[in-house]
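If you're matching positions, the sequence shown starts at 131 in my numbering and goes up one per residue. Virtual Cβ for every residue (Gly too), placed ideally from N, Cα, C.
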Amino acid sequence: MSKKYKIHSLHIYPVKSARGIDFETVRIRPRGLAGDRRFMLVDEDGGFISQRQFPKLAQLCTSQINEGIALSWPGQNWLKIPTPSPSRQQVTVWKSTVDAASVQGEINAALSGWLGHSVTLVFMDENAERLASAKWTTSPSPVSFADGYPVLITNTASLTALNNYIMNTGGVAIYMDRFRPNIVIECDTPWAENSWKSLQIGEVILDLVKPCARCIMTSIDQKTGVKTPKTALSALKHLNPSNDPNNPGVLFGWNAVVKKQGIIHIRNFVRSYERTISDRITRT
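Here's what the structure looks like:
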């Protein structure tokens, strides 16, 4: 059985854990939306850093330019990011080790000064390889520096249900940017995404492979970088908890892999294909 929805909004995050950019049209590639999470900040040991340790990264603005990207943050005008140098370094993002290209120049010193922590900007070029977890995918799926999968999909009705619960229990409504999605689907049914097996948007086909377990980043204001009460996590314990020991916690949105590439636009129709018991993936 299939149902039809529309795309509500499209977003990429050129630097992992930095502020995103909204688009009306994007190209879907095997690693996800073009330009999404191809840059990342790492510490002196090559480990990735994020808003979990440095909430102010929410104020790190990105802009796409003809030659690549530029960055700015409070007190700093736009800095053009130079083409990554031939030098490479081993970096880690969760359980993955990636041979990434290093970015040289003043940007590293400037970002280190702002964060109060020594960091290096790295880039996932075409020579860098990383795959999504085979536990949740049926075939090898390349992925960027995203937490685990090429595309993150959310549903407007689920945010409405979440905010209704938060406000009815004395909290303040939050925006969808707390969940840092790539594709937001306009839908009238809360948690409908839990039944979606795959989505077709024009020629693009996305398989939804793993519900997204949520963390402390949902409590960080994505405009100011200020930590706020953990109302989303508390509400999701009641509204959408995981019942899968392989993916514990509370859930909002689904991770997807790309089965067919193409270009998508805001307001495109989205056809969902429903999940059945026989569609469950065996994980080891």
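Looking at the C-beta of I142, does it have a partner C-beta in chain C at a distance below 9 Å?
-> Among the protein chains of the structure shown there is no chain C, as only one such chain exists.
Excluding the five sequence neighbours on either side, which residues of its own chain have a C-beta within less than 7 Å of the C-beta of T412, listed in chain order?
-> Here the question's residue 412 lines up with position 282 in the sequence shown. Caution applies to T412, whose pLDDT of 41 falls short of 50 and renders its modelled position unreliable; the value that the coordinates give is listed next. No residues qualify anywhere along the chain.
Take the Cβ of Q189 as the centre, count every other Cβ of all protein chains shown within 10 Å, and call the residue buried at 16 or more, exposed below.
-> By one-based count along the sequence shown, residue 189 stands at place 59. Under this definition Q189 is a buried residue.
Using the rule of at least 16 other Cβ atoms within 10 Å of the residue's Cβ for burial, across every protein chain shown, is V140 buried or exposed?
-> Position 10 of the sequence shown, counting from 1, holds the residue named residue 140. For the record, residue 140 in the displayed sequence is Leu; it is not Val. The residue in question, L140, is buried, as its Cβ has 16 or more Cβ neighbours within 10 Å.
Check the C-beta distance from A276 over to R167 and give it rounded, since I have them as a contact under 8 Å.
-> Locating residue 276 in the sequence shown gives position 146, counting from the first residue. Locating residue 167 in the sequence shown gives position 37, counting from the first residue. Right, their Cβ atoms sit about 5 Å apart.
DSSP on P212, reduced to helix/strand/coil?
-> Residue numbering aside, residue 212 sits at position 82 when the sequence shown is read from its first letter. In the structure shown, P212 sits in coil (DSSP, three-state: anything other than H, G, I, E or B).
Buried or exposed by the 16-neighbour rule on C-beta atoms within 10 Å, applied to K134 = Taking the first residue of the sequence shown as 1, we reach residue 134 at position 4. Per the 10 Å Cβ criterion, exposed.
Top-ranked residue by Cα proximity to D255, from S271, I313 and Q219 | Taking the first residue of the sequence shown as position 1, residue 255 is located at position 125. Answer by Cα proximity: Q219.
Out of W244, M131 and A303, state which residue places its alpha-carbon closest to the alpha-carbon of Q206.
-> Start at 1 with the first residue of the sequence shown, and residue 206 comes out as number 76. When only C-alpha atoms are compared, the closest one is W244.
CB-CB length for P320 against T348, believed under 8 Å | By 1-based counting over the sequence shown, the position of residue 320 is 190. By 1-based counting over the sequence shown, the position of residue 348 is 218. Not really, about 17 Å apart at Cβ, beyond 8 Å.
Residue of R310, Y403, G300 and F253 minimising C-alpha distance to L338 | For the purposes of this step, residue 338 is taken as the residue at position 208 of the sequence shown. When only C-alpha atoms are compared, the closest one is Y403.
Could you spell out the range, first to last residue, of the beta strand (DSSP E) harbouring W203?
-> Here residue 203 is taken as the residue at index 73 of the sequence shown, counted from 1. Residues G198 to W203.
Does the count of Cβ pairs from the region 153-164 and the region 390-403 closer than 8 Å reach three?
-> Three or more beta-carbon pairs drawn from the region 153-164 and the region 390-403 are found closer than 8 Å, and the two stretches are therefore classed as touching.
W384, DSSP secondary structure in three states = For the purposes of this step, residue 384 is taken as residue 254 along the sequence shown, with counting starting at 1. W384 falls in the strand class under three-state DSSP.
At least three beta-carbon pairs within less than 8 Å, the region 296-312 to the region 323-330 = Judged by Cβ distances under 8 Å, the region 296-312 makes no contact with the region 323-330, as fewer than three pairs qualify.
When you compare only the Cα positions, how much space is there between Y305 and A264?
-> Position 175 of the sequence shown, counting from 1, holds the residue named residue 305. Position 134 of the sequence shown, counting from 1, holds the residue named residue 264. Computed Cα separation, rounded: 32 Å.
Taking the Cβ atom as the reference point for each residue, do T213 and G150 lie within a distance shorter than 9 Å?
-> In the sequence shown, the residue the question calls residue 213 occupies position 83. In the sequence shown, the residue the question calls residue 150 occupies position 20. Remark: C-beta atoms of T213 and G150 do not approach each other more closely than 9 Å.
Is the CB-CB distance between V273 and V252 below 9 Å?
-> Here residue 273 refers to the residue found at position 143 when the sequence shown is read from its first residue. Here residue 252 refers to the residue found at position 122 when the sequence shown is read from its first residue. In this structure, V273 keeps its C-beta atom at 9 Å or more from the C-beta atom of V252.
Inter-residue Cα distance where the pair is P341 and F184 = On the sequence shown, residue 341 is found 211 positions in, with the first residue counted as 1. On the sequence shown, residue 184 is found 54 positions in, with the first residue counted as 1. Their backbone Cα atoms lie some 25 Å apart in a straight line.
Within its chain, find whatever has a CB closer than 6 Å to the CB of G235; leave out the 5 residues flanking it on each side and keep chain order.
-> On the sequence shown, position 105 is the one that residue 235 refers to. Closer than 6 Å at Cβ, skipping near neighbours: P212.
Which one of S132, K146, D374 and K186 has the shortest CA to CA distance from P280?
-> Position 150 of the sequence shown, counted from the first residue, corresponds to residue 280. Nearest option by C-alpha distance: K146.
To which residues of the same chain is N285 closer than 7 Å at the C-beta, ignoring the five residues directly before and after it?
-> Along the sequence shown, one-based indexing puts residue 285 at 155. Around N285: I315, C317, A322 and E323.
Note down, in chain order, each residue of its chain lying with its Cβ closer than 8 Å to the Cβ of V249, except the 5 sequence neighbours on either side.
-> On the sequence shown, residue 249 is found 119 positions in, with the first residue counted as 1. The answer, listed in chain order, is L171, V172, D173, I179, N238, L241 and S242.
Residues that H395 bridges to, as DSSP identifies them | For the purposes of this step, residue 395 is identified with residue 265 of the sequence shown, where counting begins at 1. The partner list for H395 (beta bridge, DSSP) reads T155.
Endpoints, the alpha helix (DSSP H) within which M297 is located = Walking along the sequence shown from the start, residue 297 turns up at place 167. Start and end: T286 to N298.
Going by the beta-carbon positions, is the gap between V380 and N370 smaller than 9 Å?
-> Taking the first residue of the sequence shown as position 1, residue 380 is located at position 250. Taking the first residue of the sequence shown as position 1, residue 370 is located at position 240. Yes.
What is the rounded straight-line gap between the Cα of Q181 and the Cα of V356?
-> On the sequence shown, position 51 is the one that residue 181 refers to. On the sequence shown, position 226 is the one that residue 356 refers to. Roughly 10 Å between the two C-alpha positions.
Alpha-carbon to alpha-carbon, G198 and A287 = Position 157 of the sequence shown, counted from the first residue, corresponds to residue 287. Position 68 of the sequence shown, counted from the first residue, corresponds to residue 198. If you take the alpha carbons of A287 and G198, they lie about 35 Å apart.
Closer than 8 Å by C-beta to S215: which residues in its own chain qualify, once you throw out the five before and the five after it? Chain order, please.
-> Along the sequence shown, read from residue 1 onward, the residue named residue 215 stands at position 85. Contacts found: A231, S232, V233 and Q234.
Where does the unbroken beta strand (DSSP E) through K360 begin, and where does it stop?
-> The residue given as residue 360 occupies position 230 in the sequence shown. No beta strand (DSSP E) contains K360, which DSSP labels as neither H nor E.
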